[in-house]
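Novice: Let me give you the structure first, and then I'll get to my questions.
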Amino acid sequence: MAPIIRGTRTVHDGWSRFLVAEVTMTDGTPIKREIEDHGRAVAVLPYDPKRRIAVLISQFRAPAFYADGTAEVWEAPAGLLDEAEAEEGARREVYEEAGIRLGPLEWVVRGWSMPGISTEQMDLFLGAFTAADRSGPGGGLAEEHEAITVHEVPLADLAAMSERGEVADMKTLVLVQALRLRRPDLFVAR
């Protein structure tokens with residue numbers, strides 16, 4: 029027997045929607061739980077296997093700044109999924125944020141971002157590219173006030189950053205580790 033959601037009440041409806049759920053647990057205990065109703069999202073770690081670099085973006089993140097003063101977070105390009113297919117959304121986000129046109133993507137996982145508070149499920153991908161695929165300006169959408177900076181990071185440096193705990197964004201850390209497991213040859217010094 030599973031808990032039952034008896035109803036929800038919307039307390040905010042904007043970029044995200046926040047709900048309060050009235051839940052009856054399996055033992056009959058009534059509880060309330062807050063839910064950030066976010067939907068599906070995608071994230072991609074674009075990497076150039078020839079040059080042995082990955083592309084990360086950085087931008088101001090108000091929650092990180094509020095929590096501990098972190099002014100910007102380095103992360104893999106990501107965003108909400110508007111399309112029916114996760115791959116289409118992943119390609120769109122990478123082009124908007126990093127200016128890279130990606131071909132085939134390698135799926136890593138669909139996971140819950142923060143299952144204790146959010147409905148967001150995120151599809152994670154690896155995306156190989158070449159220097160010629162970097163054809164757009166990147167930087168995000170002006171109407172969304174993203175102000176994104178694009179960074180090319182040598183894969184060896186990215187591995188060292190993850191080992192030192194400097195990759196603080198969880199989706200990016202998962203993607204870096206997935207690439208290290210699947211393509212260890214890219215991280216070996218030449």
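Just so you know, we're using our numbering here: the sequence shown kicks off at 29 and counts up by one.
The C-beta atom is built at its ideal place from N, Cα and C for all residues, glycine as well.
Excluding the 5 residues flanking residue 162 on each side, which residues of the same chain have their C-beta closer than 7 angstroms to its C-beta?
Specialist: The residues are 127, 128.
Novice: For residue 27, tell me which candidate among 198, 213, 60 has the shortest Cα-Cα distance.
Specialist: Residue 27 lies beyond the stretch modelled for the chain, which goes from 29 to 218, so this question has no answer here.
Novice: Does the separation of the CB atoms of residue 125 and residue 105 fall below 9 angstroms?
Specialist: Taking 9 angstroms as the Cβ cut-off, residue 125 and residue 105 qualify as a contacting pair.
Novice: Looking at residue 64: is its Cβ nearer than 9 angstroms to the Cβ of residue 145?
Specialist: Taking 9 angstroms as the Cβ cut-off, residue 64 and residue 145 qualify as a contacting pair.
Novice: What span of residues does the alpha helix (DSSP H) with residue 200 cover, start to end?
Specialist: From DSSP, the alpha helix (DSSP H) with residue 200 extends over 198-210.
Novice: What separation, rounded to the nearest whole angstrom, lies between the Cα atoms of residue 210 and residue 136?
Specialist: If you take the alpha carbons of residue 210 and residue 136, they lie about 10 angstroms apart.
Novice: Could you tell me if the beta carbon of residue 158 falls within a distance shorter than 8 angstroms of some heavy atom in the ligand NAD?
Specialist: Annotation note on the ligand NAD: not contained in the displayed structure, which lists no ligands.
Novice: If you reduce the DSSP assignment to three classes, tell me which class residue 119 lands in.
Specialist: It is helical.
Novice: Name the one or two DSSP bridge partners that residue 153 has.
Specialist: BP columns for residue 153 point to 72, 135.
Novice: Applying the 10 Å Cβ sphere with the 16-neighbour rule, what's the burial state of residue 85?
Specialist: Buried.
Novice: Count the other CB atoms, across all protein chains shown, that sit within 10 Å of the CB of residue 66; report buried if there are 16 or more and exposed otherwise.
Specialist: Classification of residue 66: buried, given that the 10 Å Cβ count is 16 or more.
Novice: Go through its chain and collect everything with a Cβ distance to residue 183's Cβ below 8 angstroms, but skip five positions before and after it.
Specialist: Result list for residue 183: 75, 80, 81, 82, 207, 214, 215, in chain order.
Novice: Let me know if residue 110 comes out buried or exposed under the rule of 16 or more other beta-carbons within 10 Å of its beta-carbon.
Specialist: That one is exposed.
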